[in-house]
Amino acid sequence: MTIDDIIRWVPTKNAEMMTTTGQSKRDVYEFFHKPEFADKIGVEFGCYQCHSTIVLAQCFKHVYALDNWADAIAVGRKFLDSHGIDNVTIFHQELYNGFPVADYRV
Ligand SMILES: C[S@@+](CC[C@H](N)C(=O)[O-])C[C@H]1O[C@@H](n2cnc3c(N)ncnc32)[C@H](O)[C@@H]1O
988 MTIDDIIRWV PTKNAEMMTT TGQSKRDVYE FFHKPEFADK IGVEFGCYQC HSTIVLAQCF
1048 KHVYALDNWA DAIAVGRKFL DSHGIDNVTI FHQELYNGFP VADYRV
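If you're matching positions, the sequence shown starts at 988 in the numbering used here and goes up one per residue.
(1) Beta carbon of K1012, beta carbon of I994: below 8 Å?
(2) What do you reckon, is the C-beta of N1055 under 7 Å from a heavy atom of ligand 1?
(3) Just list the alpha helix (DSSP H) runs in the region 994 to 1055, keeping only unbroken ones of 4 residues or longer that don't cross its boundaries, in chain order.
(4) In terms of residues, what are the limits of the beta strand (DSSP E) holding V1062?
(5) So, is Y1083 buried or exposed, given that buried needs 16 or more other C-beta atoms within 10 angstroms?
(6) Between which residues of its own chain and F1047 is the CB-CB distance below 8 Å, once the five residues before and five after are set aside?
(7) With DSSP run on the structure shown, which of helix, strand or coil describes I1072?
(8) For L1053 and Q1080, which I take to be in contact (beta-carbon distance under 8 Å), what is that distance rounded to the nearest angstrom?
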């Protein structure tokens, strides 16, 4: 999946105010889509409905996506599943209460 493919169908700021712009998603992809990150774990603090998580999932071997908004991450899980993204673990987590993973070599 290329970033052009993703930007064609993923919600961006024009359609969904809570997510980032298409340019921001492209910038994230261009920064992280490199061999040095391909075997690493990425973390997204505040993933909302996983519209950017899907970009990170192309760049890292696995992504931990955290958010304290249960309804948003339920939508996000369905969004990832419906696009066959299987390398993301979503945590319903209040960020001020710590990090939910013991092994955080990210
Ligand atoms: C602007 S949205 C994030 C958009 C998302 N990163 C994207 O690119 O589509 C901010 C998210 O951060 C979450 N958030 C804000 N404060 C938080 C906190 N203290 N703990 C966990 N999540 C938090 C909100 O629930 C919301 O879903």
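Heads up, the beta-carbon is just placed ideally off N, CA and C, and yes, glycines get one too.
In brief:
(1) Taking a C-beta distance under 8 Å as the contact criterion, K1012 and I994 qualify as a contact pair.
(2) Flag set: Cβ of N1055 near ligand 1.
(3) Listed in chain order, the complete alpha helix (DSSP H) runs (minimum 4 residues) inside the region 994 to 1055 are 1009 to 1019, 1022 to 1025, 1040 to 1046.
(4) No beta strand (DSSP E) holds V1062; the alpha helix (DSSP H) holding it covers 1057 to 1069.
(5) Exposed, by the Cβ-count rule.
(6) Excluding its 5 nearest sequence neighbours in each direction, F1047 has C-beta neighbours in its own chain below 8 Å: F1019, F1024, A1025, K1027, I1028, G1029, N1074, listed in chain order.
(7) I1072 falls in the coil class under three-state DSSP.
(8) Taking the Cβ atoms as the reference, L1053 lies roughly 5 Å from Q1080, within the contact range of under 8 Å.
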